[in-house]
Every structure is written in C-alpha cells, then in structure tokens.
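Take a look at the structure set out below.
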Amino acid sequence: MDIQVAVLCDYAADYQGKLCVQGAFDTLFARQFPVIHPACALALRLCLTPEDSGDHKLGISIVDEDGTPLDKERMPIVGDLKVALPEGASFLTRNLIMNFQGLRFDKVGTYAINITLDGELVASTPLRLVMVQGEQA
289 MDIQVAVLCD
299 YAADYQGKLC
309 VQGAFDTLFA
319 RQFPVIHPAC
329 ALALRLCLTP
339 EDSGDHKLGI
349 SIVDEDGTPL
359 DKERMPIVGD
369 LKVALPEGAS
379 FLTRNLIMNF
389 QGLRFDKVGT
399 YAINITLDGE
409 LVASTPLRLV
419 MVQGEQA
C-alpha cells in the first residue's frame, strides 16, 4: 500500500475518484492557548495493489511532541479497510477523507497526524502550533 497523499486541509472531497483538496496547511497560529481549531480535514489517497488484498485496520491519531494523543478517549480512530481489486487490475486508488471539528490544542509545539495500518506507522504529517502577538495572528 502506497500513501500518495496525506495532507491536513481546510476542506477535501472525493469527486468521481478525484481527490479535491482546498487549503492544505501545516501550521496554525493562535493568540492564546488552549485554542480550538473549528474544522479541518485529513485527506488521504491510497494506491493499492493485489498484495494488499484482505482485511486491514486503518488508524488515525493526532499526537503532541511526547506522543500523547490530542483526545485520549477517542484516539486513535480505527476503522476497517477491506481491499479487493478487480480481476486483472494491477492497482487501485482510493481517496479517504476524515473531517475533524473542534480540535483542542493545549500548548504550542509540533504535533503529528499519524496514520497506521494494522498497527504499524505508515505515514505521519506534521502540524505546528505557534503563538503570535497582535497583528501577526
């Protein structure tokens, strides 16, 4: 399995198999902490091959620099991923979009959106939280 795209963005959609991403970002600015980010999405594009066929567990977790989940009660988010390619297909792509609302960040620092497959880390997207003063925000 190849993760072709793993990006945090303002909005994402799957449009007839095309991954549409708007407002990709890796940094959030805030005047004070804790801060709540109202809404964003994690956009993933997976390329699957016949070797990937079968049942898998896909996990998503947002963690701080110490590896502590943003929400210990709800993360990691784990879902079933069933892979079956049509006969004769050498690959298949799928877009997955996870929408987040009301993410609470308690402190400045570097966070990561970790993506696991069957418990193994397969991708990690960084997210930086920065405190700013006055007009910089």
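Residue numbers (this note's numbering): 289 to 425.
For glycine and all other residues, C-beta sits at the position ideal for the given N, C-alpha and C.
Contact defined as beta carbons within less than 8 Å: I believe G311 pairs with Y303. What is the distance between those atoms, to the nearest angstrom? The residue you call residue 311 lines up with position 23 of the sequence shown. The residue you call residue 303 lines up with position 15 of the sequence shown. Not a contact, Cβ separation roughly 16 Å.
Can you give the Cα-Cα distance for E408 and A400, rounded to whole angstroms? For the purposes of this step, residue 408 is identified with residue 120 of the sequence shown, where counting begins at 1. For the purposes of this step, residue 400 is identified with residue 112 of the sequence shown, where counting begins at 1. The straight-line gap separating the alpha-carbon atoms of E408 and A400 is approximately 15 Å.
Looking at the secondary structure, which residues open and close the beta strand (DSSP E) in which P414 lies? Locating residue 414 in the sequence shown gives position 126, counting from the first residue. Where P414 is concerned, the enclosing beta strand (DSSP E) stretches over E408 to M419.
So the beta strand (DSSP E) M386 belongs to, where does it begin and stop? If you number the sequence shown from 1, residue 386 lands on position 98. L380 to F393 is the span of the beta strand (DSSP E), which, as asked, contains M386.
Opening and closing residue of the beta strand (DSSP E) in which P326 lies: Your numbering for residue 326 matches position 38 in the sequence shown. Counting along the chain, P326 sits inside the beta strand (DSSP E) bounded by residues V323 to L336.
How would you call G376, buried or exposed, if buried means at least 16 neighbouring beta carbons within 10 angstroms? Within the sequence shown, the letter at position 88 stands for residue 376. Here G376 is exposed. Its C-beta has fewer than 16 other C-beta atoms within 10 Å.
Length-filtered (3 minimum) beta strand (DSSP E) runs lying within the stretch 294-319: Residue ranges of uninterrupted beta strand (DSSP E) with 3 or more members, entirely inside the stretch 294-319 and ordered along the chain, are 306-312 and 315-318.
Might you give, ordered along the chain, the residues of its own chain that have their beta carbon closer than 6 Å to the beta carbon of A327, omitting 5 neighbours on each side? Counting from one through the sequence shown, the residue named residue 327 turns up at place 39. Excluding positions up to five away in sequence, the list reads Q389.
So which of S378, G347 and P374 has the shortest CA-CA distance to D368? Reading the sequence shown from its first residue, position 80 is the one you call residue 368. Checked all of S378, G347 and P374; the closest Cα to D368 is G347.
By a C-beta neighbour count over all protein chains shown, 10 Å radius and 16 as the cutoff for buried, is A331 buried or exposed? Taking the first residue of the sequence shown as position 1, residue 331 is located at position 43. It counts as buried.
Euclidean distance between Cα positions of N387 and F317: As a first step, residue 387 must be located in the sequence shown, where it is residue number 99. As a first step, residue 317 must be located in the sequence shown, where it is residue number 29. CA-CA distance, N387 to F317, rounds to 20 Å.
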